[in-house]
Structures are given as C-alpha cells and as structure tokens.
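Below is one structure, written out as structure tokens; comments come after it.
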Amino acid sequence: VWLKCTQTFYLHVTDTNIQLQNTYFLTWFGLFVFFVFVIFIHILFLIDQTSDLWNKRHSVAIGDVHECKLIRRKEVTSKQVDQVWKSMTIAHLQSALGLETLEGVLNPVHVNGKHIVHNVFIVNKTGIVVLENKAEDMPYWVVSAMKCLANWPNGNDSKQPALADYFQRLKEPLLTFHLYDVFVNILSLLQVQDMATEALQVSCLLLPPPNRRRLQLLLRLMARVCQNVHLPPLNDTIATRTLMVQMFSHCVLGSPDEMDLDELLATKLVTFMMEHHSTIFQVPNKLRRQVEEHMSHLKRAQIKYAGSDTDFSASPAFCKQISRVECEEQKVIGTQTPLEELLDGLIADKELPIKDKRKRLKQFQKSYPDVYHSRFPTEESKAAVKMGKNVRLKPHLMFLNLRKPSQPFQRSWSFRT
C-alpha cells in the first residue's frame, strides 16, 4: 500500500504522462521515505518525554504550587526562649567541665531559664545586671560605701559602713548552695585559664540576677581596692589583697554542710574570680551563636513536598493523657530502675574515695529517699555502706524488690489434695 501511494504521488508531481521505466528505483525511494518518517516520530516522542521529566523535577522553580506546601512556624513564645537558653547553657556547661554527665553535680530543676535570659540581655553599658525590682537590689548605703572605697581618696570618707557585715549576713553565699558542686568542679580547671574562664562564664549565667549583680559589684570592688596604691593599708600585719580575699571568700562560696567547705579551695577560687572579673561575666560567643542559630531555625518556614512522609501540620500539640495505673508503672520502670542501677554503681566504685562516696550517698539519700530505703532497709546496711563495706541484700528482700508494686502474689501450684 505504501509503495502504491508513493508511486501515485510521484507520478502526480512530475507528470502524469510520463511512464515509469525503473520500478526498482521507486521501491528503494519509498523505503527511504518510510524510515525517515519512523525516525521523525521517534524523535518527537523522546522530546515529549524529556519535557515531562524536566517539568516534574523543576516544578517548584516554575511555580507549580501543587507539588509543595509552605509551612509557616508559629511565633516563638518567651517560655520557648527560656527553655532553649536553659537546655543549651546546661549542655555548654557539661562540655566546659569535661564531664560525661552532670548527675550529682547540677540538678536541672534548680536552673531557671528566665534568670539566664535576664543575665544575658538586661544589663547596663558596663555589663552589670540591672534589676527590674529595686527591692531586690542592695541598700543605698552599701552602694555608696563601695563607691567610696573604689574611688579613694576622691570619695567622702567621713562614714564607711561595714561592708563585710552586710555580705556576711546574707542567707546564703552569692554562688548559692545549689551551684556549690558546680564551682567545686571548676577548681580542677584553674590551671588552664581559658577553660576555667569559660566554665565560670557559663556557671555565673545560672545565678539569680540579684546574686549576679552583688557578685559583680563585690569582685570589682575587691579588684579596685587591691590595685589602688593611694589607699592606706587596711591592716598592719595582713596585706590588703589577702585581707580582702579572706574577708569575702566565705560570702562568695559556701556549702550547706560546713564540714564540706575547704577554706583554702574557696580562697583559691575567689582569688581567680577577682583577677578575671572583667571576663567571667561575659556571655560566651559560642553559646550565644548556637542559641541564635537554633532560634532562627525555629522561626524559619519549611516546605513540605507532595508525597513526603513528614507532615508538620499533623504533629501533636499536647501530650496524651494516661491513667493513674499506667503512670505508676511508667514511674517505676522508667525512673526507679535507672536510679537503683546508679546507686549500685556508686557503691561498687572502688576508685572513689570513701569521703567522696559518703558525700554522694548522702546527696542521693536526700534526693531519692524511697530508692535509698529500698536498697538499704535496715540501719545495719546503711552503716555498713558508709564504712565502705560491700552490702548484699537478703534473699527475701531481693524477692520483694523484684515484684512490681501493687501486684498480688499468686501461687504457681497448690499444696491442696
């Protein structure tokens, strides 16, 4: 059919009166036209297919709104900002101290994110914290006396109230009791100035704003008094620098248990803080940059592509409520078991000195009395572990601890006939 059509077309174009003399030539001419037509159709098909793939790959670039969905984040609340600063400051502190965990050193419950944000942003030009509630600030006569000593002999020296009496009458040291273990761990870093300075920068961010302000002013006063050559000696036998450190070291660092406080270590820490008071109250640049990057990520809008598994709009906004029985079971499984393992590991640690072991056992007993009592139910076992002896539970006590709470005892078989 194709050959016949080709012959008819050729005769019509040239001349209808001309007779074909060479049928062989017309046959090859028709096959050539046929192959050219097939190749042309194939090229058109490839071009169309390539165009479809290109449109699918670049649908976002050309504005195909059906291929993606723009997810806009909600406004970041102040509570979220406080939580971000709290979590990242604690993580930065752990890294600065070089510890695998802050367990036994810092309880996150005692860290307030609002205090950190206040200490970072609400400051004056010299970097000193500004208190919103003036009732929490120091009395006016204390500030005047500090200015008088710092600017000697230009100040009025007619009346100089006892500054030491004011700081010694405070309810707790300026570094607070909750952060005592944190600053004790920093003592091991004082040999390396950069590491100790960074650890102090992060630790001082955890202080309540009134304490941070008092500590800033006190350390600056101590440094100026020690550097003032015009100030007469405050004591005939003790140098001014030594006198200032001995007078205020107990006001800066203190322990709830007076037996745990080492005066020499406290003096060493206060001396270092006084010498570097201008840098330890600065916010670490690395911490500030990490928080800013995280906050910008929270505010950034995201694009959800069609067919992806992630659905930002379907994420739950609240926790799922469970029953009281499930809550108790999760409490036992998720909390009590790791605490028991932690206590057993503390007891079995032979490299830990007995004094430090007693101290940590005392802290554990104060924080988790139920777990401690279940591990040491008798006074003999408590006394034995404090003496550094290995304590083994009696068989019946071990059996009772393995049973879940509120689980009735059931016989596996009966003695009845």
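Counting in this note's numbering, the sequence shown runs from 11 upward without gaps.
All C-beta atoms in this analysis are idealised placements derived from N, C-alpha and C, irrespective of residue type, glycine included.
What does the alpha-carbon distance come out to for the pair residue i and residue j?
i, j, result
"Leu349", "Phe374", "9 angstroms"
"Pro387", "Asp380", "10 angstroms"
"Leu403", "Ala394", "Only weak support is given to the placement of Leu403: the predicted model assigns it a pLDDT of 43, under 50, and the question is left unresolved by the model."
"Leu274", "Pro363", "20 angstroms"
"Val514", "Glu146", "Lying outside 11 to 427, the shown extent of the chain, residue 514 is not represented and no answer is given."
"Gly137", "Glu389", "53 angstroms"
"Phe291", "Leu210", "8 angstroms"
"Val152", "Pro219", "18 angstroms"
"Ser378", "Leu215", "The sequence given here has Tyr at residue 378, not Ser. Whole-angstrom Cα-Cα distance: 27 angstroms."
"Asp175", "Thr87", "43 angstroms"
"Phe55", "Val48", "11 angstroms"
"Met148", "Arg224", "7 angstroms"
"Phe42", "Ile51", "15 angstroms"
"Val130", "Gly108", "24 angstroms"
"Glu142", "Arg385", "47 angstroms"
"Arg230", "Ser391", "50 angstroms"
"Thr37", "Phe44", "11 angstroms"
"Ile196", "Glu85", "38 angstroms"
"Leu103", "Thr207", "12 angstroms"
"Lys367", "Glu361", "10 angstroms"
"Val301", "Lys89", "14 angstroms"
"Phe177", "Asp359", "40 angstroms"
"Pro266", "His188", "9 angstroms"
"Glu303", "Thr289", "24 angstroms"
"Leu371", "Glu351", "13 angstroms"
"Asp272", "Ile100", "26 angstroms"
"Arg299", "Ala172", "42 angstroms"
"His286", "Lys369", "31 angstroms"
"Ser7", "Gln226", "Residue coverage of the chain in this structure runs from 11 to 427, which leaves residue 7 outside it and unanswerable."
"Cys261", "Val255", "10 angstroms"
"Lys376", "Lys135", "43 angstroms"
"Asn295", "Phe282", "21 angstroms"
"Leu159", "Val91", "40 angstroms"
"Asn122", "Tyr150", "28 angstroms"
When DSSP labels each residue in this structure, what does residue i get in the three-state scheme?
i, result
"Val235", "helix"
"His406", "Bear in mind that the predicted position of His406 carries a pLDDT of just 38, short of 50, making it unreliable; the figure below should be weighed with that in mind. In this structure, His406 counts as helix in the three-state DSSP scheme."
"Val212", "helix"
"Val293", "coil"
"Val153", "helix"
"Val139", "strand"
"Val133", "strand"
"Gly40", "helix"
"Thr281", "helix"
"Asp246", "coil"
"His304", "helix"
"Arg360", "Looking at the sequence provided, one finds Lys at residue 360 rather than Arg. Three-state DSSP puts Lys360 in coil, outside helix and strand."
"Asn195", "helix"
"Gly123", "helix"
"Arg310", "coil"
"Phe374", "helix"
"Gln10", "Because the chain here runs from 11 to 427, residue 10 falls outside it and cannot be looked at."
"Asp354", "helix"
Apply the 10 Å Cβ neighbour rule to residue i and answer buried if 16 or more other Cβ atoms are within range, or exposed otherwise.
i, result
"Tyr382", "buried"
"Cys183", "The question names Cys, yet the displayed sequence has Pro at residue 183. With 16 or more other Cβ atoms within 10 Å, it is buried."
"His128", "buried"
"Ala276", "buried"
"Ile53", "exposed"
"Val46", "exposed"
"His240", "exposed"
"Phe132", "It is worth fixing the name first, because residue 132 is Ile in this sequence and not Phe. Flag for Ile132 reads exposed."
"Val119", "exposed"
"Leu228", "buried"
"Leu180", "exposed"
"Gln203", "exposed"
Taking residue i and residue j to be in contact with their CB atoms under 8 angstroms, please state how far apart those CB atoms are, rounded to whole angstroms.
i, j, result
"Ala233", "Met284", "5 angstroms"
"Leu116", "Val212", "Not confirmed; about 11 angstroms, so no contact."
"Ala106", "Met205", "7 angstroms"
"Val235", "Thr252", "So it is not a contact: roughly 12 angstroms between Cβ atoms."
"Ser259", "Val280", "4 angstroms"
"His125", "Leu263", "Wrong, their Cβ atoms sit about 19 angstroms apart, outside the cutoff."
"Thr186", "Asn221", "6 angstroms"
"Leu200", "Lys278", "7 angstroms"
Distance cutoff 9 angstroms, beta carbons only. Does residue i sit that close to anything in chain B?
i, result
"Phe55", "This model lacks chain B altogether, as it is built from one protein chain only."
Item to check | Sufficient close CB pairs (3 or more, under 8 angstroms) joining the stretch 98 to 115 to the stretch 189 to 199 | outcome: yes
Checklist entry - Hey, is the stretch 293 to 310 in contact with the stretch 242 to 260, meaning 3+ C-beta pairs nearer than 8 angstroms? => result no
Checklist entry - Would you say the stretch 89 to 99 touches the stretch 349 to 359, given that touching needs at least three Cβ pairs under 8 angstroms? => result Segment contact: the stretch 89 to 99 against the stretch 349 to 359, fewer than three CB-CB distances shorter than 8 angstroms; contact not assigned.
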